[in-house]
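Notes for the one structure printed next.
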RNA sequence: CGGGUCAGACAGACGAUCGCCCCGCGCAAGCGUGGGAGGAAAGUCCGAACACCGUUCCUUGGAGCAAUCCUUGGUUCAUGGAGAGCCGUUAACGACGGCCAGGGUAUACCGAGAUCGUUAGGCCACGCGAGACGUAAAUCCUCAUUUCGACCUGUUUCAACCGCAAGGCUGAAACCGCCGUUCACUCGGCACCGGUCCCAAUGACAUUUACAUCCCGCGCCCCACCUUCGCUCGCAAGCCUAGGGAAAGUGCCACAGAGACAAUACUAAUCUUCGAAGCGCAAGCCUCGUUGAUGAAAAGUGAAAAGUGAUGCGGUGUGGGUCCCGUCGCAAGACGCCGAUCUGCUACACAUCUCCGCCAGCGGCAACGCUGGUGCGCGGCAAACCCUCUCCGGUGCAAGAGCAAGUCUUCAACUUCGGUUGAAGGAUGGUCGCUCGCCAGAGCGUGUCAGCAAUGACCCGCCCAGAUAGAUGAUCGCCGCUCCUCCGUUUCGCUUCUUGAGACUCCGGUCUCUCGACGCUUCAACGCUGGAGAACAAAAUUCGGCUUAUCGUCUGGUCCGAACA
RNA sequence: GGGUGCGUGGUGUAGCCCGGUUAACACGUCUCCCUGUCACGGAGAAGACCGAGGGUUCGAAUCCCUUCGCACCCG
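Residue numbers (the numbering used here): 6 to 162.
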């Protein structure tokens with residue numbers, strides 16, 4: 006694991022980054038960055054449970070990304086929050102290529118953040134995303150979804 | 001040796017470099033012979049530990065004048081949910097072990113049975129069919145031989161000559177007879193080679209018939225068996241069972257069937273009331289409709305059809321047949337019925353066997369089993385509603401506890417009167433941070449003892465993950481495993497050549513054994529080159545079960561196949 | 001950590017609660033007709049053992065249990 010000050014830890018931060026973070030797409034993973042002002046910079050690694058059903062593959066993807074990122078830790082300037090979102094190619098890729106790809110992403114990250122956002126943030130996909138999106142944008146919390154109607158209402162009561 | 005199946009165990013090893021989490025030491029930097037995912041960690045189908053929060057009724061102790069509050073230990077919740085053969089194991093369970101009952105398969109052992117039999121045999125006896133062999137007779141199909149007779153006379157090749165050619169002619173030879181004759185194989189005769197046909201005889205074979213023997217098959221009978229085998233039934237391993245109650249009630253039971261559980265509504269049948277039509281001289285008969293009664297036996301339907309079922313005897317009632325008798329009728333015949341006789345069904349009673357329930361006795365801890373008595377005796381479904389008995393309060397480690405900052409209140413000090421600082425508080429708490437809960441446990445391993453077993457007790461030894469966006473990764477080395485592949489060695493087999501020995505011989509050789517050489521090659525072992533593969537899947541409070549996923553390796557049991565003994 | 005729903009022809013759904021011939025409907029597919037041709041239209045046909053495995057019952061898509069897969073909700 007990374008040293009504790011460098012870890013991105015709270016669910017709120019992950020949700021904020023997935024909405025407001027500037028995405029940069031690499032061949033193996035997606036880097037989302039946001040200038041938060043926290044010193045030192047905080048980094049998180051994500052593997053979606055929806056894309057990767059097995060816990061073994063999720064763990065493997067996060068480990069490989071973290072190990073590939075580790076040499077670049079001293080070079081990251083302070084003041085940023087970063088998350089790396091893994092894609093399926095991480096499992097089968099060559100480790101050296103993965104490391105070069107992450108280095109390239111980090112290199113162009115500060116420049117990219119200076120340019121203005123051209124596209125509006127995407128709408129959230131999951132319910133957790135909806136709640137975090139509401140907190141981040143200041144709108145109202147979404148109401149509970151109604152569960153499915155029972156088949157025989159009279160008997161269900 | 002190979003394969004299937006069941007049970008159990010394992011889930012590659014060692015090392016290097018860069019890194020991660022925990023632990024220990026150290027003020028710290030850091031250091032270290034330290035530790036670091038599973039059998040399912042998974043699914044969440046059950047059960048518990050642990051923690052907090054209720055509710056009913058009591059209870060222990062304390063504070064307070066009291067109301068009341070705090071506290072200790074028990075108890076209760078029932079509109080709801082769960083369980084259901086018995087005993088045991090366990091912290092507990094729907095798990096596990098043993099047993100009981102029921103279902104059900106193979107069909108071993110044992111027992112029994114007979115409207116059973118394409119078994120085999122014994123005993124007695126017969127017929128039919130086929131076959132073999134023998135004897136006798138007959139027949140003609142076939143073949144062979146012999147004999148009699150009839151018919152058949154040229155064909156082919158070569159050579160010479162003539163012709164333009166087609167062809168002619170002559171001769172020779174072969175098939176081939178001879179004599180005479182003719183232009184001429186033209187004719188005649190003889191003989192009969194040859195061919196064809198026919199008749200007869202003989203023989204062989206065959207066929208048919210008769211007889212005898214043997215054997216086989218089939219059928220029938222005697223049959224009374226006996227033995228054996230098969231068959232059926234009982235008992236019955238493994239296996240399966242959510243396995244209380246259908247004599248508490250409600251509901252459902254499609255189609256079919258009169259009827260699916262208070263249904264005799266309809267229908268058939270019998271008797272009967274009334275009416276109508278027809279037949280008959282009449283008595284009366286018959287048909288249709290209708291009133292009421294009896295009424296489910298048989299048959300049929302269906303998964304399932306009532307007085308538990310079966311048998312025997314007695315017996316009541318009733319139906320039918322025959323005889324006799326009576327009435328009507330000329331007769332044929334019709335109707336009635338005392339009696340006699342035969343017969344069908346049967347209320348009821350008795351006896352025996354049997355199912356079920358209940359009671360008693362005996363055995364068993366019990367489920368239950370056996371025996372006896374008795375008769376409150378109406379199908380199925382409760383994984384339909386339900387009834388009986390038993391158990392269950394709820395929430396879940398994001399449970400919950402603490403620390404600190406913060407807020408509030410009080411007090412003190414200072415003050416520029418705005419406040420600041422400090423202390424205290426059994427006050428407050430959906431942010432954030434930290435600690436505990438949280439890894440020494442229903443723990444693991446060896447052994448002994450108890451028990452049929454599940455399991456338990458004891459001794460000794462061991463420490464073996466505790467993260468919190470969540471620790472095992474990356475780059476390699478080497479060895480091992482499985483599969484494929486290159487090459488080599490050994491072994492086995494084969495071809496060719498060869499050494500020696502033996503046997504046979506038609507003297508040419510052939511066969512068997514054996515030493516050796518070259519070559520080819522299946523399988524196996526070993527060495528070796530290169531390549532591929534190595535599953536299912538990762539803790540999140542912790543355990544016990546269940547279920548599901550899983551490349552392979554090993555061990556044991558069992559079954560099948562092949563080879564050898 | 002708790003909880004819910006759904007698996008039925010190629011596709012989307014009925015049927016299930018309250019068991020009963022041969023599982024219904026629409027679209028799609030195929031064949032024929034119509035048209036000069038295509039479409040539309042008309043006539044007809046094929047296509048399912050109800051996710052899997054057990055059990056209860058005379059009888060199971062339906063009831064019960066186990067299991068697999070999919071979708072979803074709350075914290």
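No residue lacks a Cβ here, since even glycine has one placed at the ideal position from N, Cα and C.
- Looking only at 96, 18, 108, the smallest Cα-Cα distance to residue 47 is reached by 18.
- Contact between residue 7 and residue 65 is ruled out by a C-beta separation of about 17 angstroms, above the 8 angstroms threshold.
- Contact annotation: the region 103-118 touches the region 35-42, with at least three C-beta pairs closer than 8 angstroms.
- Residue 57 and residue 105 have their C-alpha atoms roughly 24 angstroms apart.
- The beta-carbon distance between residue 51 and residue 91, rounded to whole angstroms, is 7 angstroms. This is short enough to meet the 8 angstroms contact definition.
- Short of 8 angstroms from the beta carbon of residue 28, and not among the five residues preceding or following it, lie these beta carbons of its own chain, in chain order: 35, 36, 37.
- Under the 10 Å beta carbon count, residue 30 is surrounded by fewer than 16 other beta carbons and is classified as exposed.
- Apart from sequence neighbours up to five positions away, the residues of its chain that approach residue 74 with a beta-carbon distance below 6 angstroms are 107, ordered along the chain.
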